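Notes to accompany the following structure.
Number of protein chains: 2
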Amino acid sequence: MACQYACLTGTQNMGKVIDPSQVASAFRQDLRNKVKALGKPLKLVGLLSADSGPSATYAEYTKAGCDDVGIGFELRRETKLTIEAAIDKANSDPLVHGIIIYYPIFGTEHDGYIKDLVAPEKDIEGLNSYWARKLYHNQRYIDPTKSKKAILPCTPLAIVKLLDAAGAMNKAALSLAGKTVTIFNRSEVVGRPLASMLANDGADVYSFDLDGPLLFKREHVVETQATRAEALARADIVITGVPSREFPLVTANEIRASTVCINFSTFKNFADDAKEKASVFVPRVGPMTVTMALRNTLRLYDNYHRR
Amino acid sequence: MACQYACLTGTQNMGKVIDPSQVASAFRQDLRNKVKALGKPLKLVGLLSADSGPSATYAEYTKAGCDDVGIGFELRRETKLTIEAAIDKANSDPLVHGIIIYYPIFGTEHDGYIKDLVAPEKDIEGLNSYWARKLYHNQRYIDPTKSKKAILPCTPLAIVKLLDAAGAMNKAALSLAGKTVTIFNRSEVVGRPLASMLANDGADVYSFDLDGPLLFKREHVVETQATRAEALARADIVITGVPSREFPLVTANEIRASTVCINFSTFKNFADDAKEKASVFVPRVGPMTVTMALRNTLRLYDNYHRR
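So, in structure tokens, the structure goes:
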């Protein structure tokens, strides 16, 4: 799988910067073909409550991605007080195959309640607790015959695909066996599911956040005394997603020359010298996140709507 | 219903302070009789990850409450990393009738995930999204014949019972019709469910929190331009739950003399002159919260275990 992306094939990837748009384009081509082969209109509904800012931009990217692969996209502008009824309506509309919500809606813990209102079979973001539990129990299929794959959250899935594109995965089934990963961010939306996914694939994952470090090892999560310096020195892969200017940037002398580095924060988390030292550096994830959302739309259609 | 508490019967409640322990004692007597009549052991399991602080104290109060009414209580000391397995174990144990988790476990949004792991039929706190949705859709029963009542979260339920004890409810079925309530706190655990419950019972509820005011009116939640001063001047009932010393205390000149005031924060939210001016003042809710947790344990038994 690591060699499927023309942009990287046959190189050692030394000092390479990966453009996620380029990796996304291979996936988009595949999606375009599959959507075309369906011969039926697929419809994704986006619910936006804020008028501007990052969420409106993300909605525009979703629209462009849908146009690109042939999925119908309808953006519905809601308020925080109409969002629940809008979700109910989209949940029960048989012509809607996927729902994406542009957070924040309330910007409080109320958003956690909203996340769970989206029907799992339309939750292309994989944020519903139904999908979260599948992930945290390493249940990769939704049917006993293992023909229908579970939905994974878009940004963590995008990062896994980018690691693959960076040549960071083994070719074996357990694609991260023997690898050490260090992640800065343990949010419920990205950092924790990502740590769990990489550990499910065999990696030892050091997960840092404000409430301290944890070590994810296969199905277990354990306390660790590892310091930032130790976890970085051991890491084959370093992933950052700290939404703050206060985060001390990861520097070249903290990482190894063979390290693959990915940042998914909108803030800079790596010092320039670390970007240069890294074997592969991925400066952003966004275009792949959108592409994985489209991929999940098709997967949900396959799982729940295809006859 | 407003007259069932001996401590208040026959008074005008002018300037009265209500001790929630005294109100709780009537409920506890009723529970004691019902548990005895069951003739079977009821078992509640508490899961505690912190060793000290408010959650350990709450666990002690639960133990004392269980002893008082004849419910078996077992406190299991867990860590944040064993809590999920501990919940699974209690969920699947037919000898466990109720589960209570002493938060914080992680103290992050991870706790929202944990809340939803508790099986609804053992969730005596009513915090699971299954119960939250019932409440927010004003679905008061779990069966079509309306014989089995839905579980309501303990602290909001405790506050409703204290309002009843304070003589603040109408005797009509729609017990808060025509009343105005102002609440400072819109957390998912207390403030929002409380606002919804009081609006379901007919009140106009002004709900204030850091992200602005909202007005709950029956099944609708709408934006409001009402200021704190306006909402307080209109209020028949003022409920505070602001966990901060920064909150400007509610003062006597902001409220009416007929106002019933309840504080559920561990911080002081009313100035002394407001406590004196209020027709009834309830300084804390805790003992009633524990009692409602025990009441929910019995209700879950009736709903799911009784043959």
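Top to bottom, those sequences are chains A and B. In this note's numbering, each number is its position in the first sequence, counted from 1, plus 2. In this note's numbering, each number is its position in the second sequence, counted from 1, plus 2. The C-beta atom is built at its ideal place from N, Cα and C for all residues, glycine as well. Given the structure is predicted, the values throughout are model-derived calculations rather than measurements.
State the CB to CB distance for the pair Ile-182 (chain B) and Asp-145 (chain B), rounded to an integer number of angstroms; the pair is presumed to be in contact (CB under 8 Å). At residue 182 (chain B) the sequence reads Thr, which differs from the Ile that was named. Their Cβ separation, rounded to whole angstroms, is 34 Å, which puts Thr-182 (chain B) and Asp-145 (chain B) out of contact at 8 Å.
C-beta neighbour in chain B for Phe-108 (chain A), strict 8 Å: yes
Residues bridged to Leu-77 (chain B) (per DSSP): B:Gly-48
Hey, is Pro-289 (chain B)'s beta-carbon within less than 8 Å of any beta-carbon in chain A? no
Chain D beta carbons: is any one of them nearer than 8 Å to that of Arg-301 (chain A)? This model lacks chain D altogether, as its protein chains are A and B.
Nearest neighbour of Asn-268 (chain B), chosen from B:Asp-274, B:Ser-246 and B:Thr-261 [CA to CA]: Note that residue 268 (chain B) corresponds to Thr in the displayed sequence, not to Asn. Of B:Asp-274, B:Ser-246 and B:Thr-261, the residue nearest in Cα terms is B:Ser-246.
Go through its chain and collect everything with a Cβ distance to Ala-295 (chain B)'s Cβ below 7 Å, but skip five positions before and after it. Thr-64, Ile-102, Ile-126, Glu-127 and Cys-156
Taking the Cβ atom as the reference point for each residue, do Pro-22 (chain A) and Val-244 (chain A) lie within a distance shorter than 8 Å? no
Just the C-alpha distance for Val-98 (chain A) and Val-37 (chain A), rounded to the nearest angstrom, thanks. 15 Å
In terms of alpha-carbon separation, which member of B:Val-47, B:Ala-66, B:Pro-56 and B:Ala-61 lies closest to Ala-92 (chain B)? B:Val-47
Who are the neighbours of Asp-118 (chain B) on chain A, taking C-beta pairs under 8 Å? Asp-118 and Ser-131
Less than 8 Å between CB atoms is the rule here; does Arg-194 (chain A) satisfy it with respect to chain B? yes
Counting only C-beta atoms, is Tyr-208 (chain A) closer than 8 Å to chain B at any point? no
Please compile the residues from chain B whose C-beta is within a distance smaller than 8 Å of the C-beta of His-307 (chain A). In chain order: nothing, as chain B lies at least about 25 Å away.
Would you say the beta carbon of Ile-241 (chain A) is closer than 7 Å to some non-hydrogen atom of the ligand FAD? Because no ligand of any kind appears in the structure shown, any question about the ligand FAD cannot be addressed here.
If you scan the stretch 159-231 of chain A from start to end, which runs of the beta strand (DSSP E) of 3 or more residues do you find wholly inside it? 182-186, 206-211, 214-219 and 222-225
Does the beta carbon of Asp-125 (chain B) come closer than 8 Å to any beta carbon on chain A? no
To the nearest angstrom, how far is it from the Cα of Arg-297 (chain A) to the Cα of Tyr-105 (chain B)? 37 Å
Take the Cβ of His-112 (chain A) as the centre, count every other Cβ of all protein chains shown within 10 Å, and call the residue buried at 16 or more, exposed below. buried
Use the C-beta contact count for Asp-95 (chain A): other C-beta atoms within 10 angstroms, 16 or more gives buried, fewer gives exposed. exposed
Could you tell me if Arg-308 (chain B) is buried or exposed, where buried requires 16 or more neighbouring beta carbons within 10 angstroms of its beta carbon? exposed
Cβ of Tyr-63 (chain B) within 8 Å of any chain A Cβ: no
Given 8 Å, three or more beta-carbon pairs between the stretch 225-233 of chain B and the stretch 133-145 of chain B: no
Output, in chain order, the set of chain B residues within a Cβ distance shorter than 8 Å of Glu-111 (chain A). Glu-111, Gly-114, Ser-189 and Glu-190
Taking the CB atoms as reference points, tell me whether Thr-253 (chain B) and Ala-235 (chain B) lie closer together than 8 Å. no
Per the contact definition of three or more C-beta pairs closer than 8 Å, is the stretch 162-181 of chain A in contact with the stretch 197-212 of chain A? yes
To which residues of the same chain is Thr-299 (chain A) closer than 8 Å at the C-beta, ignoring the five residues directly before and after it? Leu-44, Leu-46, Ile-73, His-99, Gly-100 and Ile-126
Among residues of its own chain, excluding the 5 on either side of Tyr-60 (chain B), which ones have a beta-carbon nearer than 7 Å to its beta-carbon? Tyr-104
Our contact map puts Glu-154 (chain A) next to Ile-20 (chain A) with C-beta atoms below 8 Å; I'd like the distance itself, whole angstroms only. Position check: residue 154 (chain A) holds Leu in this sequence, whereas Glu was assumed. The Cβ separation is near 20 Å, so there is no contact.
If we count the other Cβ atoms within 10 Å of its Cβ and call it buried at 16 or more, is Lys-42 (chain B) buried or exposed? exposed
Proximal residues to Lys-150 (chain B) (C-beta, below 8 Å), its chain only, five neighbours per side dropped: Tyr-143, Ile-144, Asp-304 and Asn-305
Beta-carbon spacing of Phe-266 (chain B), Val-292 (chain B) below 8 Å: no
Using the Cα positions of Asn-110 (chain A) and Ala-280 (chain B), report the straight-line distance between them to the nearest angstrom. As written in the sequence, residue 110 (chain A) is Thr, which differs from the Asn given in the question. Cα to Cα, the separation comes out at about 32 Å.
Segments of 4+ residues assigned as alpha helix (DSSP H) that fall wholly inside the stretch 81-140 of chain B: 85-94, 112-117 and 131-138
Using the Cβ count rule (16 or more neighbours within 10 Å means buried), how would you classify Ala-160 (chain B)? buried
Across which residues does DSSP place Cys-68 (chain B) in a beta bridge pair? Answer is none; Cys-68 (chain B) lacks a bridge partner.
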